[in-house]
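Heads up, the thing below is written out as structure tokens.
In my numbering, the protein residues as written are 4 to 537.
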């Protein structure tokens, strides 16, 4: 029956491959020793019958409906009782306790009043999802299904989500003996609870072994704790959200009430600005994508979707376009966007979202009490989103050329895009974001002499360097950079070729040296590319 529950899809595993572990174990199931010689646990409800008084003892119990008799292989009788204890002469209770997984499988039954059909049991049993580790699929998950079907005639849960195992940076399980574990309370003290939660959620991929590099850190009070730089991602994200809200609060606090934030759409708060239509489309796309990720237990993807919307789309792109010119329509849109972001982010980062909600929307419900946001399909415009991705790709391309040739952001340059994409409606915005004096685009434009180039979606971008760079000086600078990076790389390679160094150095140090070598090689390649252009 327990196998049928999974084979029929009544109980589903995520990732789906773990259903095979469950079925394989049940498919070759053998007798299960349910006793343990421990001082704690549920004492087994079995009594041994004293051979000297066997006849009288059995006779005194045989008419009781709560008593069951079993004859063991050695011929001796065993008694099982539904009562908590049997005070009958001639019976001796077995001293062993039930196996941990036997007791664990019965835990939801015992805590909710079974065998009585209590309101608690009827309300909360079965539940929707069990979250657990892969190493107890046979020990616990399968046995919960077996006991539930036996005792209640139903499955205990619809879905089983197998969470990843967290390993250290060397791929070892965290343990006290290795000293490579992290204490969540230390991480909360160092980075914040929201940072801890966000990073752990980000690590919940379908790859079932997530690595968390650990290092020692000494605190001001003298204590030494284990931390991981990975949690800085969560802390920095919290800071980004907080600073964005602080910057926007004068523009949105008091402008919109909760009703308008929830009911916002382009029809009733519309703006004809292209960037407003874009951010509204992106917001609703993100709501839709986040819901799909949650529905399929893709928690890492869920965290990444919200992260990139807040960091890239809302803060780095939309606010840069608006800068000091935030109109009434934009304020309403920003208010709605932040309101929705707090809802989406709340399951991972509940503390900062509730705090910001109190500041930005003082008259609204607490985030945890609100309805989950739903995407407005009418406001999703894939064409505008794609168009803006092309714009931002060009902006990044211009910035990469500026970085390659050390051209100051304040210096205006000319850009020429050889592309089939029509960028007319975004032309002025593109110039502002990239610091361009002029911008041309078209399918048949040719590359000017003495210009830098970079690939963009559906084409190539050129920036003429005549009058911006002194050709000979730039060639000399690049050659010097190449020589410097090659020299540094050679010293690292010499170190890594030393057998004694590789043998004695900690793995983290070796990895650091390899990373330095890769960085220097990357510098050499980029400088050679720039040199070839010149």
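Note that the Cβ used here is the ideal one computed from N, Cα and C, for glycine as well.
Inter-residue Cα distance where the pair is residue i and residue j
i: residue 198; j: residue 352; result: 8 Å
i: residue 46; j: residue 25; result: 28 Å
i: residue 109; j: residue 124; result: 13 Å
i: residue 6; j: residue 27; result: 9 Å
i: residue 209; j: residue 299; result: 11 Å
i: residue 481; j: residue 220; result: 40 Å
i: residue 267; j: residue 339; result: 7 Å
i: residue 158; j: residue 35; result: 21 Å
i: residue 401; j: residue 466; result: 8 Å
i: residue 244; j: residue 516; result: 34 Å
i: residue 365; j: residue 358; result: 10 Å
i: residue 88; j: residue 297; result: 47 Å
i: residue 129; j: residue 13; result: 12 Å
i: residue 185; j: residue 232; result: 12 Å
i: residue 223; j: residue 173; result: 28 Å
i: residue 154; j: residue 226; result: 51 Å
i: residue 96; j: residue 48; result: 7 Å
i: residue 148; j: residue 9; result: 10 Å
i: residue 30; j: residue 75; result: 26 Å
i: residue 69; j: residue 168; result: 44 Å
i: residue 64; j: residue 4; result: 33 Å
i: residue 527; j: residue 484; result: 8 Å
i: residue 83; j: residue 52; result: 11 Å
i: residue 374; j: residue 294; result: 13 Å
i: residue 40; j: residue 137; result: 26 Å
i: residue 150; j: residue 111; result: 10 Å
i: residue 446; j: residue 536; result: 22 Å
i: residue 519; j: residue 314; result: 28 Å
i: residue 23; j: residue 54; result: 47 Å
i: residue 506; j: residue 372; result: 57 Å
i: residue 513; j: residue 490; result: 19 Å
i: residue 202; j: residue 183; result: 18 Å
i: residue 73; j: residue 94; result: 14 Å
i: residue 79; j: residue 71; result: 14 Å
i: residue 304; j: residue 176; result: 24 Å
i: residue 144; j: residue 326; result: 54 Å
i: residue 497; j: residue 487; result: 16 Å
i: residue 424; j: residue 285; result: 20 Å
i: residue 510; j: residue 178; result: 19 Å
Residue i vs residue j beta-carbon contact at 8 Å
i: residue 207; j: residue 166; result: yes
i: residue 218; j: residue 230; result: yes
i: residue 290; j: residue 347; result: yes
i: residue 321; j: residue 278; result: yes
i: residue 341; j: residue 213; result: no
i: residue 460; j: residue 419; result: no
i: residue 500; j: residue 362; result: no
i: residue 282; j: residue 292; result: no
i: residue 397; j: residue 464; result: yes
i: residue 275; j: residue 216; result: no
i: residue 323; j: residue 436; result: yes
i: residue 431; j: residue 280; result: no
i: residue 492; j: residue 524; result: yes
i: residue 458; j: residue 404; result: no
i: residue 360; j: residue 344; result: no
i: residue 502; j: residue 408; result: no
i: residue 479; j: residue 354; result: no
Within-8 Å CB hit, residue i to chain D
i: residue 46; result: No chain D appears in the structure shown, which is made up of a single protein chain.
Nearest neighbour of residue i, chosen from the options [CA to CA]
i: residue 204; options: 227, 475, 234; result: 234
i: residue 393; options: 374, 413, 462; result: 462
i: residue 228; options: 246, 192, 251, 202; result: 192
i: residue 317; options: 511, 156, 333; result: 333
i: residue 2; options: 529, 284, 106; result: Residue coverage of the chain in this structure runs from 4 to 537, which leaves residue 2 outside it and unanswerable.
i: residue 470; options: 329, 453, 371; result: 453
i: residue 429; options: 391, 524, 50, 350; result: 391
i: residue 90; options: 304, 80, 50; result: 50
i: residue 306; options: 327, 349, 368; result: 349
i: residue 104; options: 78, 92, 38, 77; result: 38
i: residue 444; options: 457, 458, 422; result: 422
i: residue 439; options: 140, 15, 399, 33; result: 399
i: residue 378; options: 521, 522, 287; result: 287
i: residue 395; options: 426, 380, 368, 376; result: 426
Segment contact, 8 Å Cβ cut-off, at least three pairs: the stretch 55-64 with the stretch 99-118: The stretch 55-64 vs the stretch 99-118: no contact.
Secondary structure, alpha helix (DSSP H): runs of 4+ residues fully inside the stretch 332-364: 353-363
In chain order, each beta strand (DSSP E) run of at least 3 residues that lies wholly inside the stretch 104-173: 130-135, 160-165, 168-171
Inter-stretch contact at 8 Å, needing at least 3 Cβ pairs: the stretch 124-133 / the stretch 161-179: yes
Contained alpha helix (DSSP H) runs [length at least 4] in the stretch 192-259, N- to C-terminal order: Qualifying alpha helix (DSSP H) stretches, in chain order: 196-205, 234-255.
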